[in-house]
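Undergrad: Here it is, the structure, as structure tokens.
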Amino acid sequence: MNPKPLPTLFFPGTYRFVAGGILDGRPIGGGPPARELLARISGNGIEILEVGPAVAGVYPSVELPGCVLTPGLVNAHCHLDLTHIGPLPLSERGFSGFVDEVRARRHTDPPAIHASVEAGVSLSRSGGVVAVGDICGAVRGGADLEAFSALARSGMLGVGFLEFFAMGDSTDRALGRLEAAWAGATGNGRMSVGLQPHAPYSVCRKGYRRAAALAGARGAILATHVAESPAEHEFVGSAAGPQRALLETLGLWNDGLLGEFGLHKTPLEQIADLFDEGQKVLLVHLNDISDEDLKRLERLNERVELSVAYCPRASDYFRTAESFGPHRYREMTKAGINVCLGTDSIINLPEAEVCGEAGRICPADDAAHLARRDGADPLGLLAMMTSCGARALGLRSDEFEFRPGATLAGICVVRPHGPAIADERGVDLWARALLKGFEIALVDRGGRVRNGAVLA
Ligand SMILES: [Zn+2]
Numbered sequence: 257m258n259p260k261p262l263p264t265l266f267f268p269g270t271y272r273f274v275a276g277g278i279l280d281g282r283p284i285g286g287g288p289p290a291r292e293l294l295a296r297i298s299g300n301g302i303e304i305l306e307v308g309p310a311v312a313g314v315y316p317s318v319e320l321p322g323c324v325l326t327p328g329l330v331n332a333h334c335h336l337d338l339t340h341i342g343p344l345p346l347s348e349r350g351f352s353g354f355v356d357e358v359r360a361r362r363h364t365d366p367p368a369i370h371a372s373v374e375a376g377v378s379l380s381r382s383g384g385v386v387a388v389g390d391i392c393g394a395v396r397g398g399a400d401l402e403a404f405s406a407l408a409r410s411g412m413l414g415v416g417f418l419e420f421f422a423m424g425d426s427t428d429r430a431l432g433r434l435e436a437a438w439a440g441a442t443g444n445g446r447m448s449v450g451l452q453p454h455a456p457y458s459v460c461r462k463g464y465r466r467a468a469a470l471a472g473a474r475g476a477i478l479a480t481h482v483a484e485s486p487a488e489h490e491f492v493g494s495a496a497g498p499q500r501a502l503l504e505t506l507g508l509w510n511d512g513l514l515g516e517f518g519l520h521k522t523p524l525e526q527i528a529d530l531f532d533e534g535q536k537v538l539l540v541h542l543n544d545i546s547d548e549d550l551k552r553l554e555r556l557n558e559r560v561e562l563s564v565a566y567c568p569r570a571s572d573y574f575r576t577a578e579s580f581g582p583h584r585y586r587e588m589t590k591a592g593i594n595v596c597l598g599t600d601s602i603i604n605l606p607e608a609e610v611c612g613e614a615g616r617i618c619p620a621d622d623a624a625h626l627a628r629r630d631g632a633d634p635l636g637l638l639a640m641m642t643s644c645g646a647r648a649l650g651l652r653s654d655e656f657e658f659r660p661g662a663t664l665a666g667i668c669v670v671r672p673h674g675p676a677i678a679d680e681r682g683v684d685l686w687a688r689a690l691l692k693g694f695e696i697a698l699v700d701r702g703g704r705v706r707n708g709a710v711l712a
């Protein structure tokens, strides 16, 4: 039996949710599985009163048979200001062609930037997302506040990272522009501001150092793309390849850069010594990780507050495993590193998922990709896009778990595709959702429901 569609709004009050399973990223204990949740919905959030096999008291009941409830999701790495571009096939020139495409198609006028971010926020909500680590892209190569201001107004939780490039002769100009933007950037109670030096092939070591100092002085998080593509490996290690050619074309290359590129370092090695003790660092991608890099990452994890955002569908879109082998996210998790999930930009997502009426930008689709591709643990995947993602963005991870007393920003209702299976419960239901596909609805703080109709 399918559940009824959810109402479009839950009025403030206490509700009893009854579902096939109530799961967060924590391991399941030995007791009977949780199937009922008592929650008080208000403008401040969804306060968890009780969770268990059955809850006490008489309250309005919301019956969701065959569905799983999870905390609202965290997308730890996205580019919502590129939403207007939509999905694209991979360029014949691979990663370099992609970078050119983004440069050519990125909006530069404020109303268009705002509209793109708002469209991305809407698709994210349709994907059950309540918190994002969003890259607020550099405009004409320089740090810019427009995407951040749209994001800060959206009501999303998380961090908007101001992106910048700084290389060769442009470095001082770029850092001047960064400092001006940074001085004017203030978050609000829900959205914080962070910094994103773009990548080790587009920001020189001086640029990383300045960003680390600026972020550190405010206790802000520093994110960066790193170890993403063969072109990056070649440029950092050998000062050659398409990135060198691009810098020459842009007039940004000078031979002084041979003092820091072409020293046979790996991309991670290029930047790992530039962070300060205790700094909050979010490294994105890490497709290109040698055994030595894995040890380097473990050492870095002891020195800074480190998280890693893995974007599986983006990595596979660029076919990075063909160059670097399978991604090492499970080894990183095993080594005690906080690994979370991101979708990266809409450009690398499948058209069927992000377009049309049921379109969504949803990290659970990345989790599903890992469940199918690698047989990854369903609960571990849930942790990666709830509590681990929250930790990476400086949010309270216990507010992405169904703990009595916690106030959540949202609750997802997930219905697996396919006919209902009698007595299927809890983690089995969740595993089927990942393997077979799913619909997802979101009840957010304030009781607004996104996509309630898709459950029926
Ligand atoms: Zn990215």
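Read left to right, the sequence shown gives residues 257 to 712 (this note's numbering).
Where is the CB? At the ideal position from N, CA and C, for every residue including glycine.
Taking 7 Å as the cut-off, is the C-beta of residue 391 nearer than that to any heavy atom in ligand 1?
TA: Translated into the one-based positions of the sequence shown, residue 391 becomes position 135. True, at least one ligand heavy atom lies under 7 Å from that Cβ.
Undergrad: To the nearest angstrom, how far is it from the Cα of residue 659 to the Cα of residue 508?
TA: Taking the sequence shown and counting its residues from 1, the one referred to as residue 659 is at position 403. Taking the sequence shown and counting its residues from 1, the one referred to as residue 508 is at position 252. Each residue's Cα considered, the two are about 52 Å apart.
Undergrad: I need the DSSP call for residue 384, collapsed to helix, strand or coil.
TA: Stepping through the sequence shown from its first residue, residue 384 is reached at position 128. The answer is coil: DSSP assigns residue 384 none of H, G, I, E or B.
Undergrad: Please classify residue 534: is it buried, with 16 or more other beta-carbons within 10 angstroms of its beta-carbon, or exposed?
TA: Taking the sequence shown and counting its residues from 1, the one referred to as residue 534 is at position 278. Per the 10 Å Cβ criterion, exposed.
Undergrad: Could you check the C-alpha separation between residue 345 and residue 604 for me, to the nearest Å?
TA: Taking the sequence shown and counting its residues from 1, one reaches residue 345 at position 89. Taking the sequence shown and counting its residues from 1, one reaches residue 604 at position 348. Going from the Cα of residue 345 to the Cα of residue 604 covers about 8 Å.
Undergrad: Just reading off the alpha helix (DSSP H) that residue 634 is part of, what are its end residues?
TA: Numbered from its first residue, the sequence shown carries residue 634 at position 378. Note, residue 634: alpha helix (DSSP H), 634 to 640.
Undergrad: If contacts are defined as beta-carbon pairs under 8 Å, then residue 327 and residue 280 qualify, I think. What distance do you get, rounded to the angstrom?
TA: For the purposes of this step, residue 327 is taken as the residue at position 71 of the sequence shown. For the purposes of this step, residue 280 is taken as the residue at position 24 of the sequence shown. Indeed they touch by this definition, with Cβ atoms about 5 Å apart.
Undergrad: Among 378, 337, 375 and 582, whose alpha-carbon lies nearest the alpha-carbon of residue 363?
TA: Here residue 363 corresponds to residue number 107 of the sequence shown, with the count starting at 1. Looking at the Cα atoms, 337 is the closest of the given residues.
Undergrad: Taking buried to mean at least 16 other C-beta atoms within 10 Å of its own C-beta, is residue 314 buried or exposed?
TA: Along the sequence shown, read from residue 1 onward, the residue named residue 314 stands at position 58. Exposed: under 16 other Cβ atoms inside 10 Å.
Undergrad: Determine the direct distance from the alpha carbon of residue 334 to that of residue 617, and round the result to whole angstroms.
TA: Here residue 617 refers to the residue found at position 361 of the sequence shown. Here residue 334 refers to the residue found at position 78 of the sequence shown. Rounded to whole angstroms, residue 617 to residue 334 spans 9 Å at the Cα level.
Undergrad: Are the CB atoms of residue 456 and residue 467 within a distance shorter than 8 Å?
TA: Your numbering for residue 467 matches position 211 in the sequence shown. Your numbering for residue 456 matches position 200 in the sequence shown. Not in contact: residue 467 and residue 456 (Cβ atoms no closer than 8 Å).
Undergrad: Between residue 352 and ligand 1, is there a pair consisting of the residue's CB and a ligand heavy atom that are separated by less than 7 Å?
TA: Counting from 1 along the sequence shown, the entry for residue 352 is found at position 96. No; taking the cut-off as 7 Å, the Cβ of residue 352 has no heavy atom of ligand 1 nearer than that.
Undergrad: In the DSSP assignment, the beta strand (DSSP E) including residue 671 goes from what residue to what residue?
TA: The residue labelled residue 671 in the question sits at position 415 within the sequence shown. Looking at the DSSP string, the run of the beta strand (DSSP E) that includes residue 671 is 666 to 672.
Undergrad: Take the Cβ of residue 247 as the centre, count every other Cβ of all protein chains shown within 10 Å, and call the residue buried at 16 or more, exposed below.
TA: Given a span of 257 to 712 for the chain in the structure shown, any question on residue 247 remains unanswerable.
Undergrad: Does the region 484 to 499 touch the region 424 to 437, meaning 3 or more C-beta pairs lie closer than 8 Å?
TA: Flag = no, the region 424 to 437 and the region 484 to 499 do not touch.
Undergrad: Let me check understanding here. Comparing Cα to Cα, which of 642, 628, 638 and 622 lies closest to residue 414?
TA: Counting from 1 along the sequence shown, the entry for residue 414 is found at position 158. The shortest C-alpha separation from residue 414 is found at 642.
Undergrad: Taking only heavy atoms of ligand 1 into account, decide whether any of them is closer than 7 Å to the Cβ of residue 333.
TA: Along the sequence shown, one-based indexing puts residue 333 at 77. Yes; taking the cut-off as 7 Å, the Cβ of residue 333 has a heavy atom of ligand 1 nearer than that.
Undergrad: In the DSSP assignment, find the alpha helix (DSSP H) that holds residue 533 and state where it starts and stops.
TA: Translated into positions along the sequence shown, residue 533 becomes position 277. Neither: residue 533 is in no alpha helix (DSSP H) and is coded neither H nor E.
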